[in-house]
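Residue numbers (the numbering used here): 48 to 340.
Written as structure tokens, this is what we have:
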């Protein structure tokens, strides 16, 4: 199993945990510091996992839950505010990869008057989105095969950590789907504040490894934000990035190693426990959402 960021086969065991009754092993790449699951060992690396198992495990039901819809709505509001603040020209064509019920796409359509499309492997979620007139494809490959026009904005919110080969997927997205002047909007859990260890999380991202991964895929970061929206006012649970395609066709340099990842995570969780103790109502907002998503 090669590291999906730098390609090295040298790795060390970083953590052994359990998620939804499944034992998980997370490794650290000895060359670049990335934290990841082995694709040979992970149940979530099987493409059928998202079609048949994912929603049932995470929500006990294939249909969208009230919690899921609430989280999607709040995340969508935040992502839209970033697009408004950071993009010079508002998008005319938007693609959301991992679109779920189409909440983000529907809000962007209403806010920007743009054409919207999505990719979502879950049958029930595609059916939900179709009820509000949003076309969702079952896979990136199916969308590419449809000869769709390229997009000004492609969002990948809480999905990149699920990709088996994120660099290759981003290269494909850049070459086949993103307009030359378009933007990529990504949000992932922040390994230095979020629990991160979950069955479906094949990769754990820090600010450093997220930047390096985008660089290897031929993107440059133009904006990065650490935040807790919608779960916390004080904890930087998530990383949101806006990126554009680099002029170079290949990554310009080797991956820069991140050191002391374990120590940084321990320090981050010491801070998290302190904040939870001192400011419990701001650390975790009093909402109906129970689990950290």
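The C-beta atom is built at its ideal place from N, Cα and C for all residues, glycine as well.
Owing to the predicted nature of the structure, the values given are computational and were not obtained by experimental measurement.
Short check: CB of residue i to CB of residue j, under 8 Å?
i           : j           : result
residue 224 : residue 197 : yes
residue 126 : residue 159 : no
residue 205 : residue 235 : yes
residue 221 : residue 264 : yes
If I follow the unbroken alpha helix (DSSP H) through residue i, where does it start and stop?
i           : result
residue 263 : 254-263
residue 290 : Counting along the chain, residue 290 falls outside any alpha helix (DSSP H), though it belongs to the beta strand (DSSP E) covering 285-292.
residue 345 : No information on residue 345 is available, as it lies outside the stretch 48 to 340 that the chain covers here.
residue 213 : 213-223
Using only the alpha-carbon positions, how far apart do residue i and residue j sit?
i           : j           : result
residue 185 : residue 203 : 15 Å
residue 339 : residue 133 : With a pLDDT of 43 at residue 339, under the threshold of 50, the modelled position of this residue cannot be trusted, and the question is left open.
residue 313 : residue 122 : 27 Å
residue 64  : residue 139 : 43 Å
residue 124 : residue 172 : 20 Å
residue 243 : residue 195 : 34 Å
residue 301 : residue 53  : 8 Å
residue 80  : residue 141 : 33 Å
residue 157 : residue 150 : 11 Å
residue 70  : residue 84  : 11 Å
residue 152 : residue 211 : 25 Å
residue 116 : residue 176 : 12 Å
residue 128 : residue 181 : 21 Å
residue 331 : residue 315 : 16 Å
residue 147 : residue 329 : 28 Å
residue 59  : residue 89  : 16 Å
residue 87  : residue 57  : 15 Å
residue 281 : residue 187 : 35 Å
residue 77  : residue 320 : 29 Å
residue 164 : residue 310 : 41 Å
residue 323 : residue 120 : 25 Å
residue 48  : residue 166 : 27 Å
residue 279 : residue 325 : 14 Å
residue 327 : residue 285 : 19 Å
residue 253 : residue 179 : 36 Å
residue 135 : residue 294 : 19 Å
Under 7 Å Cβ to Cβ from residue i, same chain only, skipping five residues before and after it: list those, please.
i           : result
residue 258 : 268
residue 161 : 138, 139, 140, 141 and 155
residue 213 : 51, 207, 250 and 260
residue 303 : 259
So residue i is in the beta strand (DSSP E); what residue range does that whole segment cover?
i           : result
residue 199 : 198-204
residue 72  : 69-76
residue 269 : 266-274
residue 301 : Neither: residue 301 is in no beta strand (DSSP E) and is coded neither H nor E.
residue 51  : Note, residue 51: premise wrong, no beta strand (DSSP E); not H, not E.
residue 238 : Note, residue 238: premise wrong, no beta strand (DSSP E); not H, not E.
residue 87  : Counting along the chain, residue 87 falls outside any beta strand (DSSP E), and DSSP gives it neither H nor E.
residue 55  : No beta strand (DSSP E) holds residue 55; DSSP gives it neither H nor E.
To which residues of the same chain is residue i closer than 6 Å at the C-beta, ignoring the five residues directly before and after it?
i           : result
residue 82  : 61, 73, 75 and 251
residue 308 : 80
residue 145 : 206
residue 271 : 288
residue 199 : 138, 139, 140, 226 and 229
Does the beta-carbon of residue i, which I'm using as the reference point, lie nearer than 7 Å to any heavy atom of the ligand NAD?
i           : result
residue 165 : For the structure depicted, the ligand NAD is absent and the ligand set is empty, with no information on it obtainable.
Leaving out the 5 sequence neighbours to the left and right, which residues in its chain are closer than 8 Å to residue i when beta-carbon positions are compared?
i           : result
residue 283 : 237, 239, 240, 273, 274 and 275
residue 291 : 228, 229, 230, 231, 266, 267 and 269
residue 337 : The predicted model places residue 337 with a pLDDT of 42, which falls under 50 and marks its position as unreliable; any figure quoted below should be read in that light. Taken in chain order, the residues that qualify are 114.
residue 193 : 184
residue 201 : 141, 142, 143, 144, 220, 224, 225, 229, 230, 231 and 232
(request) Scan the region 124-192 and note each continuous beta strand (DSSP E) run of 3 residues or more that stays entirely inside, going in chain order. (result) 140-144, 162-166 and 182-184
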